[in-house]
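These notes concern the structure reproduced below.
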Amino acid sequence: MNAATLSGDFGLEKPVDRSMGNSPATSVAVEPAKEKKMEKMVSVPAGEPFGDKIKVWARAALPPCLGLIILLGLWYVATFKGGSIPGPGQTWEAAKVLFADPFYRNGPNDQGIGWNVMSSLQRVGIGFGFAALVGIPMGFILGRSKFLSDMINPIISLLRPVSPLAWLPIGLLVFKKADPAATYTIFICSIWPMIMNTAQGVQRVPQDYLNVARVLALSEWKVVTKILFPAVLPYMLTGIRLSIGTAWLVIVAAEMLTGGVGIGFWVWDEWNNLKVEHIIIAIFVIGIVGLILEQSLIMLAKKLTKESS
Amino acid sequence: MEKFVEIQSVEQAFDTKKGKFVALRDIDLTIRQGEFIALIGHSGCGKSTLLNLIAGLTRPTKGVLLCDGREIAGPGPERAVVFQNHSLLPWRTCFENVYLAVERVFGEKEGKAKLKERTAAAINLVGLDHASSKYPHEISGGMKQRVGIARALSMQPKVLLMDEPFGALDALTRAKLQDELMKICEATKATTVMVTHDVDEAVLLSDRIVMMTNGPAATIGEILDVKLARPRHRLTLAHDPDYIGYRAAVLEFLYEKQAHVEKMAA
């Protein structure tokens with residue numbers, strides 16, 4: 323009985339508790355309440371019925387697990403009679419071998435899958451970093467100045483739909499090397515969402531906040547750091563998330579064309595070796611890495627916006 | 006008392022798709038130092054437009070506005086504004102919201118300790134000591150509006166401009182804040198211009214009520230001198246014949262003299 327009421331209480335209190343815990347300065351006013359909650363937090367895991375927890379968890383996990391099982395089932399059925407595409411069993415065996423030693427190096431064209439993923443991530447990181455360095459300030463400028471945004475927007479609209487791969491030859495020509503050319507395509511494809519979202523965020527800053535800035539006669543620097551930046555942060559993070567999604571899509575294709583070390587090149591190499599099970603493994607690896615990138619950015623966005631709102 | 010804010014034959018027009026739209030015309034008003042002015046009128050009559058002109062947030066298309074002998078060329082901290090919807094920055098605590106204003110106005114001359122002291126004093130003035138480290142989303146609407154007032158007062162403005170500051174609040178909270186505002190104005194001797202659509206609020210708080218005709222091309226219809234002794238108490242005033250008379254005068258202006266214009270506009 324006691325345990326049940328306690329857990330019910332906790333469920334209600336939880337959101338409040340969180341928002342207060344996040345603001346460090348609330349300590350004076352909410353000190354007693356906080357202590358009470360601490361007690362609850364400690365006592366609840368022991369008090370909450372274990373069965374209920376399992377039920378909630380199972381209900382959340384069931385649909386995705388079922389989906390994956392069906393996918394594997396279909397895959398198994400489709401490849402049951404043999405043919406060029408390997409089934410789940412075969413792929414699993416190959417994966418076990420592959421992941422037993424992901425970080426080996428036998429010369430520049432034969433490296434473990436770990437190294438390939440790492441070098442792809444490195445390219446994405448560098449290209450994406452430069453895009454953020456250029457794109458975010460540019461977004462701020464375009465968002466603040468109507469003249470400049472009218473000037474630059476048609477150019478962006480023209481260039482944005484172009485596949486980043488179309489820029490690859492120009493990259494090769496300018497940099498004379500495959501590696502920076504691939505990084506450069508990542509830069510090109512990441513920069514558009516960052517500019518557009520940042521500029522949009524700046525334009526959507528509530529007029530009220532800007533009026534406050536005007537009445538206070540804040541300097542442009544203070545307007546940017548104290549008002550615009552915090553207000554635009556959620557939009558900026560959306561831009562970053564979209565960018566990294568596209569960047570991860572593009573790097574595979576770019577590496578197929580440029581060669582070297584990288585997950586895209588590896589896919590192409592295994593195609594030339596006709597190791598189709600490796601290609602399927604690569605598809606899963608690319609998917610999982612992309613998922614991790616996206617989810618970690620969503621988590622970062624949640625954390626930052628919670629702190630700032 | 007000397008004239009402090011002067012508004013001389015001001016017109017405010019906006020360019021719209023249908024051509025020039027005149028919101029305000031022929032506005033002449035002189036405000037003395039320490040005076041409490043209420044701007045009242047039907048919605049859309051340009052009360053807020055006039056307030057924004059005094060704030061310097063917009064410039065008049067004709068005429069001139071002076072504050073303390075100088076032309077109002079833009080917004081500035083000597084004319085602090087309390088906005089209708091509080092306009093606190095959600096990522097700053099109440100203290101930090103007020104501090105931003107204090108730092109801007111006194112930051113060049115005073116040290117951090119003194120700035121914090123000023124901030125705390127402003128928050129204390131509106132009775133929010135206990136909430137000073139909370140974020141705006143953690144406090145009620147009335148408290149937010151009080152932080153807005155604290156922010157404006159903390160700048161020690163020459164003129165305090167309030168745009169329907171209590172409009173979004175329930176009647177009880179509004180009454181409480183009106184009483185607090187009266188005390189604060191008495192203590193700080195602030196020159197105040199307040200936009201309102203609440204007749205009782207206007208009569209209770211102001212020295213003069215500026216009643217505006219309906220828009221478009223609104224102007225000042227009548228100015229009512231409210232000669233009620235201060236400090237004023239809402240309960241004793243409720244039966245005061247003068248108070249009732251002033252109230253009736255404003256109501257008459259709004260609902261008889263200006264009623265037909267509203268029908269025409271509608």
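As given, the protein sequences belong to chains D and R, one line each in that order. With this note's numbering, the residue at position 253 of the first sequence is 575, and numbering never jumps. With this note's numbering, the residue at position 144 of the second sequence is 149, and numbering never jumps. Glycine included, each C-beta is placed from N, C-alpha and C at the ideal position.
Within a 10 Å sphere around the beta-carbon of residue 164 of chain R sit 16 or more other beta-carbons, which makes this residue buried. Cβ-Cβ separation between residue 577 of chain D and residue 586 of chain D: approximately 3 Å, consistent with a contact (criterion under 8 Å). Put simply, the backbone Cα of residue 500 of chain D is about 21 Å away from that of residue 566 of chain D. Nearest Cα to residue 465 of chain D within the set D/626, D/620, D/550: D/550. Under the DSSP assignment, residue 151 of chain R falls in the alpha helix (DSSP H) whose first and last residues are 146-159.
Taking 8 Å as the threshold, the shortest C-beta distance from residue 526 of chain D to chain R does not fall below it. For residue 86 of chain R, the closest Cβ of chain D is nearer than 8 Å. Here residue 547 of chain D is exposed: its Cβ has fewer than 16 other Cβ atoms, across all protein chains shown, within 10 Å. Residue 68 of chain R has a beta carbon lying at 8 Å or more from every beta carbon in chain D.
Rounded to the nearest whole angstrom, the CA to CA distance from residue 49 of chain R to residue 160 of chain R is 30 Å.
Going by C-alpha positions, residue 59 of chain R is about 8 Å away from residue 84 of chain R. In summary, residue 516 of chain D is buried, with 16 or more beta-carbon neighbours lying within 10 Å of its beta-carbon over all protein chains present. Between the alpha carbons of residue 426 of chain D and residue 583 of chain D lies a distance of about 13 Å. Taking 8 Å as the CB threshold, residue 81 of chain R lines the interface with chain D.
Under the three-state reduction of DSSP output, residue 540 of chain D falls in the coil class, being neither helix nor strand. Taking 7 Å as the cut-off between beta carbons, the residues of the stretch 546-567 of chain D near chain R are 548, 549, 552, in sequence order. A direct Cα-Cα distance of roughly 19 Å separates residue 145 of chain R from residue 168 of chain R. Beta-bridge analysis with DSSP links residue 216 of chain R to R/45, R/227. For residue 120 of chain R, there are no neighbours in chain D by C-beta distance under 8 Å, as the nearest C-beta there is about 14 Å away.
Counted as a single uninterrupted DSSP element, the beta strand (DSSP E) harbouring residue 30 of chain R occupies residues 24-37.
Per DSSP, residue 501 of chain D is one residue of the alpha helix (DSSP H) stretching across 500-525. The beta carbon of residue 67 of chain R is closer than 6 Å to those of 16 in its chain, skipping five residues each way along the sequence. For the stretch 465-486 of chain D, there are no residues whose beta carbon sits under 8 Å from a beta carbon of chain R. Within chain D, no C-beta atom comes nearer than 9 Å to that of residue 126 of chain R; the closest sits roughly 17 Å away. In the assembly as shown, residue 398 of chain D is an exposed residue. Its beta-carbon has fewer than 16 other beta-carbons within 10 Å. Beyond the five residues adjoining it in sequence on each side, residue 408 of chain D comes within less than 6 Å, by CB distance, of 598, 599 in the same chain, given in chain order. Put simply, of D/523, D/395, D/493 the residue whose alpha carbon is nearest the alpha carbon of residue 510 of chain D is D/493.
Closest option to residue 93 of chain R, judged by alpha-carbon separation, among R/73, R/155, R/130, R/110: R/155. In the DSSP assignment, residue 101 of chain R falls within the unbroken alpha helix (DSSP H) covering 99-111. Using a Cβ-Cβ cut-off of 7 Å, residue 540 of chain D is close to 109 of chain R, given in chain order. At a C-beta separation below 7 Å, residue 431 of chain D has no neighbours in chain R, since its nearest C-beta there lies roughly 51 Å away. Residue state for residue 50 of chain R is assigned as coil, using DSSP reduced to three classes.
Secondary structure of residue 208 of chain R (DSSP, three-state): helix. The beta-carbon of residue 106 of chain R is placed less than 8 Å from the nearest beta-carbon of chain D.
Closer than 8 Å to the CB of residue 92 of chain R there is at least one CB belonging to chain D.
When secondary structure is reduced to three states using DSSP, residue 114 of chain R falls in the coil class, being assigned neither helix nor strand.
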